[in-house]
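**Q**
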Amino acid sequence: MDVGRELPEVTLSELDGVRYLHLDSIWVQGAMRIAKPRVLELEYIQRMMAWMLWRPAAELAQGHAVQLGLGAAAITRFCHQVLRMRTTAVELNPAVIAACRMRFRLGDDDDRLTVRQQDAGEWVREPAHLQTVQVLNVDLYDHEAAAPVLDDEGFYAACRGVLAHGGLMTVNLFGRHASFAASAGRIAAAFGRDQVWSLRPTREGNTVVVAGRGVEVPGREELLARADNIEKRYGPLGLPARKWLRMVRPLPAPIDAA
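The numbering of the sequence shown is the working numbering, which starts it at 417 and goes up by one.
(1) For A643, is the classification buried or exposed, using 16 other Cβ atoms within 10 angstroms of its Cβ as the cut-off for buried?
(2) Under the rule that 16 or more other beta-carbon atoms within 10 Å means buried, what is G570, buried or exposed?
(3) Just to check my reading of the structure: R493 and R521 have Cβ atoms closer than 8 Å, yes? What is that Cβ distance to the nearest angstrom?
(4) Which parts of the stretch 553-619 are runs of the beta strand (DSSP E), unbroken and 3 residues or longer, counting only runs that do not cross its ends?
(5) Rounding to the nearest angstrom, what Cα-Cα distance links A657 and F590 in this structure?
(6) Which class does M468 belong to by DSSP, given the choice of helix, strand or coil?
(7) Considering Cα atoms alone, identify which of L615, E425, N553 is closest to L439.
(8) Look at the Cβ atom of V578, then the Cβ atom of Q547, and state whether they are nearer than 8 Å.
(9) Out of G485, H496, L486, A466, state which residue places its alpha-carbon closest to the alpha-carbon of Q478.
(10) Mind the definition here: the stretch 605-612 touches the stretch 572-586 only if three or more C-beta pairs lie below 8 Å; say whether that holds.
(11) Helix or strand or just coil, what does DSSP make of G485?
(12) Alpha carbon to alpha carbon, what distance is there between M518 and A600?
(13) Who pairs with S429 in a beta bridge, going by DSSP?
(14) What is the rounded straight-line gap between the Cα of V565 and the Cα of A641?
(15) Count the other C-beta atoms from every protein chain shown that fall within 10 angstroms of the C-beta of E507, then say buried if there are 16 or more, exposed otherwise.
(16) Going by DSSP, which residues form a beta bridge with A477?
(17) Looking only at its chain, what residues have a beta carbon closer than 8 Å to the beta carbon of R576, apart from the 5 residues adjacent to it on each side?
(18) Going by CA-CA distance only, name the one from E620, N645, V551, E538 that's closest to Q445.
(19) With burial defined as no fewer than 16 other Cβ atoms inside 10 Å of the residue's Cβ, what is the status of E457: buried or exposed?
(20) Under the DSSP definition of a beta bridge, which residues are partnered with N622?
(21) Is it buried or exposed for L469, if we count other Cβ within 10 angstroms and need 16 for buried?
(22) State yes or no: is the C-beta of A536 within less than 8 Å of the C-beta of G485?
In structure tokens form, the structure reads like this:
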């Protein structure tokens with residue numbers, strides 16, 4: 417862990433029944449509807465769950481789900497409390513972990529939940545974690561929400577390394593920011609361009625990229641069936657899976673490609 421790194425302070429705000437987490441700035445780093453803590457409030461967080469489309473219904477909630485960057489613990493709560501998966505969250509800032517425990521309904525560690533205070537780049541490079549993860553959610557932005565903290569090809573290669581065969585990663589990127597194409601290209605270099613897809617940007621400009629390790633893409637009818645199943649089971653909690661299907665695209669080839 418980089419013990420010399422100065423970590424931002426955590427602040428909270430509330431508006432219209434929603435509690436927000438900030439890191440020493442006005443930018444929202446996470447949110448929870450206080451009366452419905454298991455509902456995924458932010459649109460980009462909902463789209464971070466698009467990995468579910470690539471998972472067969474019988475395996476949807478099986479295996480190990482890992483979140484790099486805790487935010488307001490929305491994905492961690494969902495994987496642990498709703499999907500009931502074995503869930504690990506990796507977060508460098510102890511103040512974020514404390515806020516999630518006290519104000520964002522993140523329970524104590526148990527036999528299915530582990531929260532690690534650790535640098536995410538170190539976690540994905542630990543040999544013990546190789547090919548142990550079925551679902552990896554990466555949301556690592558600085559306190560000003562300007563750029564990913566970890567965004568090099570070596571990091572994404574390590575992310576691929578922790579995925580078991582058929583495993584999936586989702587990454588939050590700013591789709592309308594000049595760095596999106598470069599970040600997506602690094603992901604494609606690590607995973608193979610045929611294993612990378614993106615969703616359309618949200619209104620705020622977040623684009624979710626999905627990457628797989630040896631994932632077989634089902635046909636359209638199977639994808640529709642999976643989307644219907646997801647909406648039937650989890651739609652009220654913020655998972656409009658049929659809408660995701662309309663916005664998923666293969667990653668486009670580089671502009672300078674021959």
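Glycine included, each C-beta is placed from N, C-alpha and C at the ideal position.
**A** According to the structure shown:
(1) Buried is the call here.
(2) Per the 10 Å Cβ criterion, exposed.
(3) The beta carbons of R493 and R521 sit about 6 Å from each other, so the pair counts as a contact at 8 Å.
(4) Within the stretch 553-619, the complete beta strand (DSSP E) segments of 3 residues or longer fall at 579-590, 612-614, listed in chain order.
(5) In this model, A657 and F590 are separated by some 21 Å (Cα to Cα).
(6) Under the three-state reduction of DSSP, M468 is assigned to helix.
(7) The candidate whose alpha carbon is nearest that of L439 is E425.
(8) Result yes, Cβ atoms of V578 and Q547 sit closer than 8 Å.
(9) If we check each option's Cα against that of Q478, H496 comes out closest.
(10) Cβ pair count under 8 Å is three or more, so yes.
(11) The three-state secondary structure of G485, taken from DSSP, is coil.
(12) For A600 and M518, the distance between alpha carbons rounds to 35 Å.
(13) DSSP lists Y436 as partners of S429.
(14) Those two C-alpha atoms are separated by around 37 Å.
(15) Sixteen is the threshold: when 16 or more other Cβ atoms of the shown chains lie within 10 Å of the Cβ of E507, as they do, the residue is buried.
(16) According to DSSP, which records beta bridges pairwise, A477 is partnered with nothing at all.
(17) M585, A606, F607, A627, R629, listed in sequence order.
(18) Across the set E620, N645, V551, E538, the C-alpha of E620 shows the shortest separation from the C-alpha of Q445.
(19) Burial check for E457: the Cβ neighbour count within 10 Å reaches 16 or more, so the residue is buried.
(20) BP columns for N622 point to F590.
(21) Buried: at least 16 other Cβ atoms inside 10 Å.
(22) By the CB criterion at 8 Å, A536 and G485 fall inside the cutoff.
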